[in-house]
Structures are given as structure tokens and as C-alpha cells.
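Engineer: Starting off with a structure, shown below.
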Amino acid sequence: PGTVWGEPTGIGKEHHPWGHFKPGAWKLVRVITETLDKEGVPTSTSTTKTKTTLLKIEEDGITLGIEVTVEVASKEFKAEPKCVKQGFHGEVVSEDIKIGPPQDAQLTIEGRSIPCQILKIERSDASNKTVTKVYFSDKVCPRIIKRESVTTDPKGETKTSETTVTVVALDMPCKVLAEIKSSALMKTTNKHTKGVVSTWALICRDVPGGIVEFWSKEVDGSGRLLSRSTLELVGYGLEPEEEPTWIGPLGRKRPLRTR
2 PGTVWGEPTG IGKEHHPWGH FKPGAWKLVR VITETLDKEG VPTSTSTTKT
52 KTTLLKIEED GITLGIEVTV EVASKEFKAE PKCVKQGFHG EVVSEDIKIG
102 PPQDAQLTIE GRSIPCQILK IERSDASNKT VTKVYFSDKV CPRIIKRESV
152 TTDPKGETKT SETTVTVVAL DMPCKVLAEI KSSALMKTTN KHTKGVVSTW
202 ALICRDVPGG IVEFWSKEVD GSGRLLSRST LELVGYGLEP EEEPTWIGPL
252 GRKRPLRTR
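Next up, the structure:
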């Protein structure tokens, strides 16, 4: 039987990449994506800037404000700002989620055996069903060291996508703006009906949201390269900005409460 929100799962705010920061902390990243033709020649390039602001931390999760701007062919498009509430395990908070009790396990990273626990999370709606296993540990950073998700049709008969996220190296040096900090190297593989997306990312606990850089590629079923993307950190802050840019979904400024 699944548990409901508020029952002990073993995961708290310290396991979420935003959970140990104060409301008002923010991060701005830029993703450049190239689409390629059959000869491997780029045919289009887009630049996406995403600013994420920590709005609040509650007993059952974290609320983020997300502002996205996309630039294509010298034209800029701003998406409607949105709020997203996530549980501390990273899943979007929903009444349709069932969470099983944590189970003890061991994972090996770079030859080191790490004691951890596994949570099984099941989420269903009218169009699909997703079952996720989250492996978490208090012994390393990031706290969540592996995630396996399988999405199927509502009956669980036809698989539509499969995603595996794994920390493969710890204590890696990375450049965070003008500083060198410690990070973890994480690999994500997303298999879907038309191909595979592979991503390598550097995760730094000192930066809100964790990710400071990534490199990603998408191939089709035959292995042909379809697109490639890179992410870079533009800026971040641990304190609320003097003039917050966050605008709520209703179009008015939302002041950030710092006390």
C-alpha cells in the first residue's frame, strides 16, 4: 500500500537540490540547442534562458517560480511565468501519487559501496502511469544518487519512455562562475519511442538547483544525431534580489518574503 503526503518517507528538504537554501534564492541558466540534418549539419539554433526562484519551503515540498525566454532566429519569446510545487524527492506534488515505504539498499560509485534507501513512487493519470525508484543517501552529495522511471499506458502494458539518472563520480572539480567548487558527475539516459536522449551534468550542492553545466545529445532509433544541447550557469544568488524579477501567473509582481 502507498503512503500519502505527510507520512514519513525518509526524505526531507535536505534531499532536494533547493531544500537547503532560503526563499528568494535564484539561478539563471542558458541552454543552447542545435538541430541537425541527415548530414549532421546544424539547421537551426535556439537559446533558452531559464530563471528559477525558490518561493517557499513547506512540510510537504518546495515551490519554485520559473521564467523562460526562448530566442530563435533573432526573435525572442517569453513564456508565461509558472509556479511548480515538487515533493522533496523531486516529483511534482499531486493527489495521484502513491509512495511506498523506504527499503535499505547499497549502491557502488567509483568502487565505493554507499548505503542508501529506495523509495518507490507511483503516479497515474488518464493518459499514462509512471513508476519511479529513488535511491537516496545522507553519506554523499547529491543526496539522491539514482533515479529510475518507467512510463507506460494507464494499464501498465505498453512502455512509452524509460529514464535512468545515475551519479557516476563524486568530488569532481568544476568551475562555477569565477570559483572552483566540488561537484558530482551525473548521467541521464532517456529512452523514448523515437530515440534516446543522453545527458552528462555537473551537480554542485553550493548552487541552488544543483546543476551548473550539462552536455546533451538526442539520437533516433538508428543512432543518427538529431540535436545537441549545452547548459551553462549565467548567475545565481543565495539571498533574495533587491529587485526580484519574479512575476506571478496573474501578471503582477510577487514580493518575496525573506522573514
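Per my numbering, residue 2 is the first one in the sequence shown, and the count goes up by one each step.
Each residue gets a CB set at the ideal place from its N, CA and C atoms; glycine is no exception.
All figures in this text were calculated on a predicted structure; none of them were measured in a lab.
Sorted by chain position, which residues of the same chain lie with C-beta nearer than 6 angstroms to lysine 188's C-beta, five sequence neighbours on each side aside?
Structural biologist: In the sequence shown, residue 188 corresponds to position 187, counting from 1. Counting only Cβ-Cβ distances below 6 angstroms, and skipping sequence neighbours, we find Thr167, Val169, Trp201.
Engineer: Go ahead and pull the three-state DSSP assignment for histidine 90.
Structural biologist: For this step, residue 90 is matched to residue 89 along the sequence shown. Three-state result, histidine 90: coil.
Engineer: For a test of the three-state rule: what should DSSP assign to glutamate 240, helix, strand or coil?
Structural biologist: By 1-based counting over the sequence shown, the position of residue 240 is 239. In the structure shown, glutamate 240 sits in coil (DSSP, three-state: anything other than H, G, I, E or B).
Engineer: Are there 16 or more other CB atoms within 10 angstroms of the CB of arginine 144, so buried, or fewer, so exposed?
Structural biologist: In the sequence shown, counting from the first residue as 1, residue 144 sits at position 143. By the neighbour-count rule (16 or more Cβ atoms within 10 Å), arginine 144 is buried.
Engineer: Using three-state DSSP, classify lysine 14 as helix, strand or coil.
Structural biologist: One-based indexing of the sequence shown puts residue 14 at position 13. Lysine 14 falls in the helix class under three-state DSSP.
Engineer: With DSSP as the reference, label lysine 62 as helix, strand or coil.
Structural biologist: Position 61 of the sequence shown holds residue 62. According to the sequence as given, residue 62 is glycine; it is not lysine. Strand at glycine 62.
Engineer: Grouping DSSP H, G and I as helix and E and B as strand, with all else coil, what is threonine 159?
Structural biologist: As a working mapping, residue 159 is identified with position 158 in the sequence shown. Threonine 159: coil per DSSP, three-state reduction.
Engineer: Could you spell out the range, first to last residue, of the beta strand (DSSP E) harbouring valine 32?
Structural biologist: Sequence index remark: in the sequence shown, residue 32 carries index 31 (1-based). It spans 27-37 - the beta strand (DSSP E) in which valine 32 sits, taken as one unbroken run.
Engineer: Could you name the residues of the same chain whose beta carbon sits closer than 6 angstroms to that of threonine 231, not counting the 5 residues immediately before and after it, in chain order?
Structural biologist: As a working note, residue 231 is residue 230 in the sequence shown. The answer, listed in chain order, is Ile33, Trp216.
Engineer: Three-state secondary structure (DSSP) at histidine 193?
Structural biologist: Here residue 193 refers to the residue found at position 192 of the sequence shown. Histidine 193: strand per DSSP, three-state reduction.
Engineer: Is the beta carbon of leucine 120 sitting closer than 8 angstroms to the one on glycine 11?
Structural biologist: Taking the first residue of the sequence shown as 1, we reach residue 120 at position 119. Taking the first residue of the sequence shown as 1, we reach residue 11 at position 10. Yes, Cβ-Cβ distance for leucine 120 and glycine 11 is below 8 angstroms.
Engineer: Over what stretch of residues does the beta strand (DSSP E) that includes lysine 130 continue unbroken?
Structural biologist: Here residue 130 corresponds to residue number 129 of the sequence shown, with the count starting at 1. Element bounds for lysine 130: 130-137.
Engineer: Look at proline 241 and glycine 25 and say whether their C-beta atoms are less than 8 angstroms apart.
Structural biologist: In the sequence shown, residue 241 corresponds to position 240, counting from 1. In the sequence shown, residue 25 corresponds to position 24, counting from 1. Against a cut-off of 8 angstroms, the Cβ pair of glycine 25 and proline 241 comes out as a contact.
Engineer: Less than 6 angstroms between C-beta atoms, sequence neighbours within five positions excluded: which residues of the same chain meet that for histidine 21?
Structural biologist: In the sequence shown, counting from the first residue as 1, residue 21 sits at position 20. So the list reads Glu15, once near-sequence residues are dropped.
Engineer: So, using beta-carbon positions, are leucine 234 and glutamate 214 closer together than 8 angstroms?
Structural biologist: On the sequence shown, position 233 is the one that residue 234 refers to. On the sequence shown, position 213 is the one that residue 214 refers to. Yes, these two residues count as a Cβ contact at 8 angstroms.
Engineer: Quick one: is glycine 7 buried, meaning 16 or more other Cβ sit within 10 Å of its Cβ, or exposed?
Structural biologist: If you number the sequence shown from 1, residue 7 lands on position 6. Low per-residue confidence applies at glycine 7: pLDDT is 42, beneath 50, and the placement is therefore not dependable enough to give any value.
Engineer: From which residue to which residue does the beta strand (DSSP E) around lysine 99 run?
Structural biologist: Along the sequence shown, one-based indexing puts residue 99 at 98. From DSSP, the beta strand (DSSP E) with lysine 99 extends over 98-100.
Engineer: Thinking just about the alpha-carbon of each residue, which of Thr49, Asp105, Thr51, Arg225 is nearest to the one in isoleucine 115?
Structural biologist: Translated into the one-based positions of the sequence shown, residue 115 becomes position 114. Closest option to isoleucine 115, Cα to Cα, is Asp105.
Engineer: How close, in whole Å, do the beta carbons of tryptophan 19 and glycine 238 come, if the pair is a contact with beta carbons under 8 angstroms?
Structural biologist: As a position in the sequence shown, residue 19 is number 18, starting the count at 1. As a position in the sequence shown, residue 238 is number 237, starting the count at 1. That belief does not hold up - the Cβ atoms of tryptophan 19 and glycine 238 are roughly 13 angstroms apart, past 8 angstroms.
Engineer: Give the straight-line distance between the Cα atoms of serine 184 and histidine 17, rounded to the nearest whole angstrom.
Structural biologist: Locating residue 184 in the sequence shown gives position 183, counting from the first residue. Locating residue 17 in the sequence shown gives position 16, counting from the first residue. Between serine 184 and histidine 17, the C-alpha separation is close to 15 angstroms.
Engineer: Sorted by chain position, which residues of the same chain lie with C-beta nearer than 8 angstroms to aspartate 97's C-beta, five sequence neighbours on each side aside?
Structural biologist: In the sequence shown, residue 97 corresponds to position 96, counting from 1. Only Arg124, Ser125, Asp126 meet the Cβ criterion.
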